[in-house]
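Asks: Have a look at this one.
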Amino acid sequence: MTADFATRVADAVARRGRLCVGIDPHAQLLASWGLTDDAAGVRAFTETVVAAIGPHIAVAKPQVAFYERHGSRGVAVLEDALTSLREAGVLVIADAKRGDIGSTMAAYADTWLGDASPLRADAVTASPYLGVGSLDPAVELADATGRGVVVLARTSNPEGGGLQTATDAAGRTVAQSVVDAAARHNADGPASIGLVVGATRDHGLDLTGVGGPVLAPGLGAQGATPDDLARVFRGATDLLLPSASRQVLAAGPDGAAVAAAAQRLRDEVETALS
Ligand SMILES: O=C(O)c1cc(=O)[nH]c(=O)n1[C@@H]1O[C@H](COP(=O)(O)O)[C@@H](O)[C@H]1O
Numbered sequence: 001m002t003a004d005f006a007t008r009v010a011d012a013v014a015r016r017g018r019l020c021v022g023i024d025p026h027a028q029l030l031a032s033w034g035l036t037d038d039a040a041g042v043r044a045f046t047e048t049v050v051a052a053i054g055p056h057i058a059v060a061k062p063q064v065a066f067y068e069r070h071g072s073r074g075v076a077v078l079e080d081a082l083t084s085l086r087e088a089g090v091l092v093i094a095d096a097k098r099g100d101i102g103s104t105m106a107a108y109a110d111t112w113l114g115d116a117s118p119l120r121a122d123a124v125t126a127s128p129y130l131g132v133g134s135l136d137p138a139v140e141l142a143d144a145t146g147r148g149v150v151v152l153a154r155t156s157n158p159e160g161g162g163l164q165t166a167t168d169a170a171g172r173t174v175a176q177s178v179v180d181a182a183a184r185h186n187a188d189g190p191a192s193i194g195l196v197v198g199a200t201r202d203h204g205l206d207l208t209g210v211g212g213p214v215l216a217p218g219l220g221a222q223g224a225t226p227d228d229l230a231r232v233f234r235g236a237t238d239l240l241l242p243s244a245s246r247q248v249l250a251a252g253p254d255g256a257a258v259a260a261a262a263q264r265l266r267d268e269v270e271t272a273l274s
């Protein structure tokens with residue numbers, strides 16, 4: 001039987017540490033690497049990053065938007081990167097932030113989590129704001145394939161607060177209700193739901209029973225430091241995946257420098273959480 005997503009993340013993290021490196025080929029980064037802002041530039045950038053992190057890092061998170069903005073040739077770069085990362089033993093969270101009514105969600109799920117899809121990853125990020133239940137088709141496919149759905153709970157951006165910290169009659173925040181739904185699912189079946197909780201602030205969530213990975217973006221460019229993690233996540237750090245994109249990527253264009261930056265940050269995270 002296939003191991004569930006939480007088990008696969010735990011194995012990868014035990015071997016390579018908790019850091020997740022985001023692969024975000026921003027126009028500004030391409031320029032600073034001396035690359036063109038087109039599919040060829042994105043390909044050179046991506047191939048350098050994949051080769052640099054492939055032997056050292058447990059989890060990578062390509063940001064799908066930066067590939068889609070170059071059309072089919074950009075998506076082809078992403079497809080090739082997914083294959084290379086898989087071959088290198090890196091778990092991949094496709095950062096696509098999908099979310100739609102159930103029947104459409106099933107098609108998104110096939111794309112990112114289906115065994116036969118050229119764009120299959122190990123997990124996809126998803127927005128629960130059409131209702132956590134609208135994500136069921138993706139969760140069911142993840143359950144069946146050992147893959148994951150990483151659901152936005154409390155995001156790192158300043159605009160998320162109004163919606164995510166709104167409370168119900170019992171005083172529970174929207175973000176906590178997403179956490180609780182994930183915890184219920186992971187306790188009952190394969191632990192295939194992860195959460196996104198930004199590392200940039202005190203989130204005020206009870207994450208103790210989640211039973212799945214917690215992706216924590218915001219390290220580096222958005223201001224969070226490795227030392228912030230222990231305080232912000234108060235002990236819920238076993239399956240924490242602190243994530244940084246620009247802080248690592250800015251070390252390029254030299255692949256060895258990207259590899260060194262990723263390993264340095266990975267080790268700083270492990271030291272801070274040990
Ligand atoms: O799902 C995400 O990864 C995500 C959630 C969130 O709350 N905040 C957030 O910044 N992200 C993503 O994490 C990456 C942040 O990159 P850096 O700020 O450069 O490390 C981007 O790809 C964002 O889309």
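The UniProt record's numbering applies: residue 1 is where the sequence shown begins, and numbers increase by one.
The C-beta atom is built at its ideal place from N, Cα and C for all residues, glycine as well.
Tell me which residue opens and which closes the alpha helix (DSSP H) that R154 is part of.
Replies: Premise fails: R154 lies in the beta strand (DSSP E), 148-154, not in any alpha helix (DSSP H).
Asks: Excluding five sequence neighbours on each side, which residues of the same chain lie with their C-beta closer than 8 Å to the C-beta of D115?
Replies: T145
Asks: Taking the alpha-carbon positions, what's the A170 to A181 distance?
Replies: Straight-line Cα distance between these residues: approximately 16 Å.
Asks: In whole angstroms, what separates the C-alpha of V150 from that of D254?
Replies: 31 Å
Asks: From S72 to D168, what distance separates their C-alpha atoms?
Replies: 43 Å
Asks: Check whether the Cβ of L240 lies closer than 7 Å to any heavy atom of ligand 1, and answer yes or no.
Replies: Incorrect: L240 has no Cβ contact closer than 7 Å to ligand 1.
Asks: Can you check which of these residues, I193, L135, P242, Q63, is closest to R147 by C-alpha distance?
Replies: I193
Asks: Quick one: Cα of A10 to Cα of Y67, how far?
Replies: 28 Å
Asks: Taking the DSSP output, what are the residues bridged to K61?
Replies: G22
Asks: Helix or strand or just coil, what does DSSP make of V90?
Replies: coil
Asks: Just the C-alpha distance for A39 and S127, rounded to the nearest angstrom, thanks.
Replies: 27 Å
Asks: Which whole-angstrom value is the C-beta distance of T125 and V174, which I expect to be below 8 Å?
Replies: No, T125 and V174 are not in contact; Cβ-Cβ is about 17 Å, not under 8 Å.
Asks: Among the candidates E79, G54, A221, E270, whose CA atom is the shortest distance from the CA of L239?
Replies: Ranking the options by Cα distance to L239, first place goes to E270.
Asks: In angstroms with no decimal places, state the Cα-to-Cα distance between R246 and E140.
Replies: Taking the straight line joining both Cα atoms gives about 33 Å.
Asks: Please name the residue in V64, G252, E268 whose C-alpha comes closest to that of W33.
Replies: G252
Asks: Thinking C-beta only, is L78 closer than 8 Å to V92?
Replies: no
Asks: Under 7 Å Cβ to Cβ from residue 284, same chain only, skipping five residues before and after it: list those, please.
Replies: Look at the range of the chain in this structure, 1 to 274, and you will see that residue 284 is not part of it.
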